[in-house]
Structure formats: C-alpha cells, structure tokens
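Peer 1: Here you go, one structure.
2 protein chains.
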Amino acid sequence: MKRSEISKNVVRRLPRYLRKLDELIKLNVERVSSNELGAQMGLTPSQIRQDFSNFGEFGQQGYGYNIKALRSEIASILGMDKGFSVILVGVGNIGHTLIDNFNFARFGFRLLGAFDIRKDLVGSPIQGCPAPIMGVETQEEFISRHNVDIAILSVPREKAQAATDRLVKAGIKAIWNFTDTTINVGDSDIKVEDIYFSDSLLALSYLLLGDND
Amino acid sequence: MKRSEISKNVVRRLPRYLRKLDELIKLNVERVSSNELGAQMGLTPSQIRQDFSNFGEFGQQGYGYNIKALRSEIASILGMDKGFSVILVGVGNIGHTLIDNFNFARFGFRLLGAFDIRKDLVGSPIQGCPAPIMGVETQEEFISRHNVDIAILSVPREKAQAATDRLVKAGIKAIWNFTDTTINVGDSDIKVEDIYFSDSLLALSYLLLGDND
DNA sequence: TAGATTGTTAATCGATTAACAATC
DNA sequence: TAGATTGTTAATCGATTAACAATC
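Chains as they are written, first to last, in our numbering: chain W, 14 to 226; chain F, 14 to 226.
Okay, here's the thing in structure tokens:
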C-alpha cells in the first residue's frame, strides 16, 4: 500500500508500537503474538495484524513477531534510519527544554544547529549539537547548505508567522510547531506538526467532568 | 447525549473549535456559519453541525452561530468554568517551562503549587502561583486538603512510576503526564493524558517520507 | 505432525457526509 | 416575505473486528 494512502489513525499508532516494542526489548522478550501485544496495548489482535500488513509481512505463522526485527521495520517505516536533520529556531524556554531533554539521536534525528535573534545568545554552545547558537541572519544560508529537513519552531507566539515565512522561503521541508499558534505555510507542501499543550489539557479536563455536568 | 458516549474524535476537535473561535473573536467577527467555519478549519459543515448538536442547539437558522456564545458553550463543555486545580510535580526543566509559558488561568485552571524532592528548590517562589515550591513530603496532605484535581507529572523518567503511585494514593483525579514513559494507575479511574514528544516528531517524520521510500 | 498464529478476505460497526424539513 | 442556515435523519464511506485458509 502506498504510504500516503495509510490512514492517519494507523500512522499515529506506529510510534506507540515502537515504544511498546522498545519496552519489551528492555525486558529481554524475544517474540510476541498479535494477541499478546494487543492485550498489552489495549488493541485487538486483528487491528495489529491489519496495521502491520499495510507495510509488509513481518510475522511468521505459528510463531508471532520477532520483536527486534519488528521494531526495526517500524523504525524504518517511520524514517528513523534516514538521519533527518533538525534545527531549532528560537532558543527560549521551550527550545532549551527540548535540547536538554529530547534525545534526537535515539530516534535517528541529527540536531545540526540552533538560531535566535538575541545577539547575546549567539555563540553559546548547545548540548549535543555540533554548532553553537547562530544568529537568524545566517539561518537561510544554513538551511539550504545543509539541506535541513525539519525546523523546530519555538519562537514567541507573536513571531511565529514571520519565522515561518522565513523557513518556507529557505526551503525547509517540515516544521514542528511549538508556538501554540496556527502557522500558515501557504500552498507549499511543507509538513507541519503542531504541539498544542492546551488541546491536551482541555481533553483531560473534558474527561474529568462526569456525565452529570 | 451523555458526555461519556461522545467519541474521542469529537472530544479532540473541541479544543480546536475553541482556538478557532478565540481567533475569530480577536478579529472582531461576530457570527459564523458552519459553512464558513468548515472552510476555515478544513472540516465539512455537516461535521461541525453534528459535533455541536451532540451537546445542544447553539445556532440559529438563517443566521449561523454567535461566536462569543458558541465559544462560551464550548468552554463550558470542556470544563473551563470549573476552575480545576492543578499542581506541578517535579520542578525540572519541563516543569519550569510550563510554569513560565502555559497560561493556566486563561483556560480556567488554578495552579495551586509545585513540589520537588530537591531540598534546595523548596521555598523558591513560582510565577503565578500562590505558594512557593514545596517538598514532596507535604504533597499528599496538600492534595487531600485542597482537593487537587490535576497533577502535572514532570519528574525524571526513572521516577515516574513512584511519583504516580504517590499521586494515586493521595487521591488525585487526573494526571497530565510529561515523563515520556507509560505510567500505570492500576484499577483506579484516574484520567491520564500523555504528552509524547517523540510520537509527534515521528509522525512528522513519517509524512516527510514520500511514497517512494 | 499438531498447534499456534499469521495475513487477508468478509462482516460489522461507527463516523462522516449528504439531504432536507423546520425555522429564524 | 424570501433567503439562509440550522438540527437531524438517512446514506455513504472508512475503519475496526471477526473469521478462516495458509503455513510455520
């Protein structure tokens, strides 16, 4: 099946499979059946087999799935073996937290650099990153020279669209948007993934309310 | 319709409606039809009317929806008028970022306090929070005394389950989990909402790959 | 071999879309 | 009033689940 024809629901389950399989690997489990996996993840065995079969035949009748092999297939489906390059745009509070806490390498991403407008930040080293913080004026050139795939957008809300425009112009391929605002990439086919903390908390809030409110 | 019978998809769209309506309010737009709203959000007018009609009749034939009124209805459906109380458990990098950047009050939540194991942090004031950082040993008593609704779990991964156990024991009602690990609340009916940054980035990575990989 | 479990086809279920009478 | 647009019922579409032949 063509990747673009895979439903969004399936795509969103793939990272969950990855997490669960990593967990099982840590526990030294070697194989797992769709039945067992389903029980552990709260999915039906059917759904699991359907999901995987969108991408190939990863199991073996009478045996189930070899966890390491399956993990590697899913990692590859997700692009973890492509070494996608990432830059951070806006080294504020959130940007720093990501640098300090998110293990880009573990998921196959390469953090190439970080940019900020504030001159006083330029030159500071960044944990796990080959280059120190750079000024925005060098950003466009950097993106095209290194063929950067993904920009993490973590500038203040008011600057989100201007920063986006710059990224679009520079030829970025995807934006991971932490600005808590809708950004517009025009008619480019740049992929955007938004992190809206408020959406998540409000969904939790909804659940907290019982049937009697 | 009973709240618990509303499908997950609908619940996840509610915060999106809220955001869009806030945006329209800012632009001083007064009314909107399902047609127009759908065009702006990439949804069909039918879906929008179906979604709203799960909760009541918020529109008017021939007119559409009054934006402020609709916004207020949705806010109420999401529990934003309940004043749910929140505490932060683990004042590390991520915890600090949330305190500094997330506008709890704007969404109707009350941040009551923050807790940490590290003695040197205890006593430091917290932006927009009535109490300074407290030690974990006082946490359980605090939760029951203030009847705390939601705990933001932002401790290091290794301490996630132990911290969860403490929260469950103290009678917390919901956990907003930033630990990037699966936490287990046993058979309690505590609501859990996970923020998995990696899931989000990997979904973006999947999209980045074309049909030929 | 016999038992287990896959991959896949068919059946069911639920969510989205279309249509339209009601009505502002 | 006439036009616009809702809320809702019916139709369609897609996703999940069940069933089962294939096979390790």
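Glycine is no exception: its CB is placed at the ideal position from the N, C-alpha and C atoms.
Values in this document were obtained by computation on a predicted structure and should not be read as measured data.
(1) Taking a cut of 8 Å between CB atoms, which residues from the region 23 to 43 of chain W lie near chain F?
(2) Indicate whether at least one CB of chain F lies closer than 8 Å to the CB of A173(W).
(3) Pairs of beta-carbons, one from the region 136 to 149 of chain W and one from the region 117 to 128 of chain W, closer than 8 Å: are there three or more?
(4) So for D235(W), helix, strand or coil by DSSP?
(5) Where DSSP assigns a beta bridge to E206(F), which residues make up the other side?
(6) Name, going along the chain, the residues of the region 86 to 118 of chain W whose beta-carbon falls closer than 8 Å to a beta-carbon of chain F.
(7) When the Cα of R62(F) is compared with those of G72(F), K39(F), V42(F) and P169(F), which residue comes out closest?
(8) From the DSSP secondary-structure annotation, give me the bridge partner or partners of M93(F).
(9) Find out if the Cβ-Cβ distance for the pair Q53(W), K33(W) is shorter than 8 Å.
(10) Could you tell me which chain F residues have their CB closer than 8 Å to the CB of R16(W), listed as they occur along the chain?
(11) Helix, strand or coil for R123(W) per DSSP?
(12) In chain F, which residues lie less than 9 Å from A187(W) when you measure between Cβ atoms?
(13) To which residues of the same chain is N48(F) closer than 7 Å at the C-beta, ignoring the five residues directly before and after it?
(14) Quick one: is I208(F) near chain W, going by C-beta distance under 8 Å?
(15) Taking just the CA atoms, how far does F122(W) sit from I100(W)?
(16) Would you kindly work out how many angstroms separate the C-alpha atoms of A173(W) and G108(W), rounded to a whole number?
(17) Can you determine whether any heavy atom of the ligand SAM sits closer than 7 Å to the C-beta of T177(F), and answer yes or no?
(18) With a cut-off of 8 Å on the beta carbons, I'd call L222(W) and G92(F) a contact; round off their distance for me.
Peer 2: So, from the listed chains and residues:
(1) V24, R25, L27, P28, R29, L31, R32 and E36
(2) no
(3) yes
(4) Outside the shown range of chain W, which is 14 to 226, sits residue 235(W), and nothing can be said about it.
(5) W189(F)
(6) I90, L91, G92, M93, K95, F97, N106, I107, H109, T110, L111, D113, N114 and F115
(7) G72(F)
(8) Per DSSP, none; premise fails for M93(F).
(9) yes
(10) Y219, L222, G223, D224 and D226
(11) strand
(12) L217, S218, L220 and L221
(13) P58
(14) yes
(15) 10 Å
(16) 14 Å
(17) The ligand SAM is absent from the structure shown, which contains no ligand whatsoever.
(18) 5 Å
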